[in-house]
């Protein structure tokens, strides 16, 4: 599982993804949202989940950017509604733009870390050189992932008396 961020800009990252990875990214975003919001969810301790701790709304913005790019490419999307519902169930009723999140200090501290983004470009290049070779000519394939920590405050958003099963919050 991974949220691919070859760039610090969420939309630019989604636009860079090939169709196969972009389609899967929408589903993986749902899993990461649930890892942060559903007690006992199976992926809860995966580094792709923990790096987003404390930044649920920012994850929502990235997730919705992936869905928006997917639709712009002509595909039907059912994930955005699920993501919005899961976020709303955890108290995130509206998702601000990336610029608004930046102004509010609500983006992950690792966003913009070149080593982090470089590791994602390298991984994508390894997965599909024909697509990513021209996009990511600044990296070699095969670099290890950089897994940043989430915010120190934890940030898991589980409402009091909230879900304790693998079901999404409603």
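In full-length UniProt numbering, the protein residues as written are 1 to 170. Each residue gets a CB set at the ideal place from its N, CA and C atoms; glycine is no exception.
Of the residues 27, 39 and 42, the one whose Cα lies closest to the Cα of residue 59 is 27.
In this model, residue 97 and residue 88 are separated by some 16 Å (Cα to Cα).
Counting along the chain, no alpha helix (DSSP H) covers residue 75, and no H or E run does either. Within the same chain, 125 come within 7 Å of residue 133 by CB-CB distance, once the 5 residues on both sides are set aside. The alpha helix (DSSP H) runs of length 4 or more contained entirely in the stretch 82-106 are, from start to end of the chain, 98-103. Looking from the CA of residue 83, the closest CA among 25, 20, 100 and 75 belongs to 25. Annotation: residue 18 to residue 147 spans about 22 Å, alpha carbon to alpha carbon. For residue 8, the secondary structure class from DSSP, reduced to helix, strand or coil, is coil. In this structure, residue 56 lies away from residue 44, with their beta-carbon atoms at least 9 Å apart. Residue 128 sits exposed, since fewer than 16 C-beta atoms from the chains shown fall within 10 Å of its C-beta.
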